[in-house]
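J.: Handing you this structure, nothing more for now.
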Amino acid sequence: MSSTSADLETAAGLYAHACVECGYVPEFLDEDLTCAACRVRIHLGATVMKKTIKFTVEEITHGDIEIEIDVPEEFLDEDGEVSDDDALRDFLEDNEDEWYELAPAFYEIQAKEVVEVVDTY
0 MSSTSADLET
10 AAGLYAHACV
20 ECGYVPEFLD
30 EDLTCAACRV
40 RIHLGATVMK
50 KTIKFTVEEI
60 THGDIEIEID
70 VPEEFLDEDG
80 EVSDDDALRD
90 FLEDNEDEWY
100 ELAPAFYEIQ
110 AKEVVEVVDT
120 Y
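Numbering that gives the first Met the number 0 applies: residue 0 is where the sequence shown begins, and numbers increase by one.
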């Protein structure tokens, strides 16, 4: 069987060509077999526009603080031991001004999340 140029053109039309850069199969490719998006990226030299972005970050941390503090008698048993850990924890949360400014002996960031983008310019 011999092929004519019409047969070759028909066969070529059945196979779509993919962009050699990204693999996308557009309707038209540039002469260097790239799609329009890749051609623009190549033409711009793959540069990225620098922007100043202001955003809010939330950090959840875990820290150990060791301090000597006066514990009210209501949280202690007859032997002077802490009898109610939950109540003592509530007391420490209510009186954080006594310990909050201290540097923790152990500090670990457990989670970090961008909360919102405030401004871009």
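Backbone N, C-alpha and C define an ideal beta-carbon position, used for all residues, glycine too.
I want to know whether the stretch 58 to 72 touches the stretch 17 to 25 - three or more CB-CB distances under 8 Å.
T.: Touching, no, given that fewer than three Cβ pairs across the two stretches are closer than 8 Å.
J.: At a Cβ threshold of 9 Å, is Thr51 touching chain D?
T.: The structure shown contains no chain D; it holds only a single protein chain.
J.: Can you look up Ala35 in the DSSP assignment and give me helix, strand or coil?
T.: Residue state, collapsed to three classes: helix.
J.: Taking one C-beta from the stretch 49 to 63 and one from the stretch 107 to 116 each time, how about it: are there three or more such pairs within less than 8 Å?
T.: At 8 Å Cβ cutoff, the stretches touch.
J.: Are there 16 or more other CB atoms within 10 angstroms of the CB of Val70, so buried, or fewer, so exposed?
T.: The residue in question, Val70, is exposed, as its Cβ has fewer than 16 Cβ neighbours within 10 Å.
J.: Per DSSP, what kind of secondary structure is His61 in: helix, strand or coil?
T.: Strand.
J.: Grab the span of the beta strand (DSSP E) containing Glu115 for me, first residue to last.
T.: It spans 105 to 119 - the beta strand (DSSP E) in which Glu115 sits, taken as one unbroken run.
J.: Using DSSP bridges, identify the partner residues of Phe54.
T.: DSSP, once it has assigned bridges, lists Val116 as partnering Phe54.
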